[in-house]
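Numbering (this note's numbering), first residue to last: 115 to 235.
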């Protein structure tokens, strides 16, 4: 049996669904730095000031860009500058594990969000 934990915080800016979010003050913003930890994966398009629901643990959909480095099943993912999932390198936080493959930009795949994020080895 598996569980997903969905939490919510106020959006500190416009958020796009199925992208990584990170803490900003008392709310969340779209993640933009692969070396910074993510709180989760946003579930809906949100405007600044809206209550934002994000998956903090478990399986979620994630928008990914596999056009540069192909994403394979079990690839470890991090964020790009727009909160989109890309394959992690050694200086990036491990934010999610891919459950599906992608070789294109703007695709959405299932991932497992990683709570205890460490640098990719």
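In this text, a Cβ means the ideal position worked out from N, Cα and C, and glycines have one as well.
- If you compare the alpha carbons of 203, 123, 202 and 226 with that of residue 158, the shortest gap goes to 123.
- Excluding residues up to 5 positions away in sequence, 116, 117, 118, 119, 226 and 227 lie with their Cβ nearer than 8 Å to the Cβ of residue 172 in the same chain.
- Beta-bridge analysis with DSSP links residue 232 to no other residue.
- Setting aside the 5 residues that flank it on each side, residue 131 is surrounded in the same chain by 156, 157, 158 and 159, each with a C-beta closer than 7 Å to its C-beta; the list follows chain order.
- In this structure the segment 214-225 touches the segment 184-199; the number of beta carbon pairs closer than 8 Å is three or more.
- Looking only at 200, 174 and 139, the smallest Cα-Cα distance to residue 181 is reached by 200.
- Of the candidates 223, 232, 211 and 195, the residue whose Cα lies closest to the Cα of residue 204 is 232.
- Excluding its 5 nearest sequence neighbours in each direction, residue 170 has C-beta neighbours in its own chain below 6 Å: 119, 121 and 154, listed in chain order.
- Cβ neighbours of residue 198 within its own chain (closer than 7 Å, five residues either side excluded): 133, 177, 178 and 179.
- In the displayed model, residue 198 falls within coil according to three-state DSSP, outside both helix and strand.
- The shortest CA-to-CA distance from residue 195 to any of 144, 151, 138 and 221 is the one to 144.
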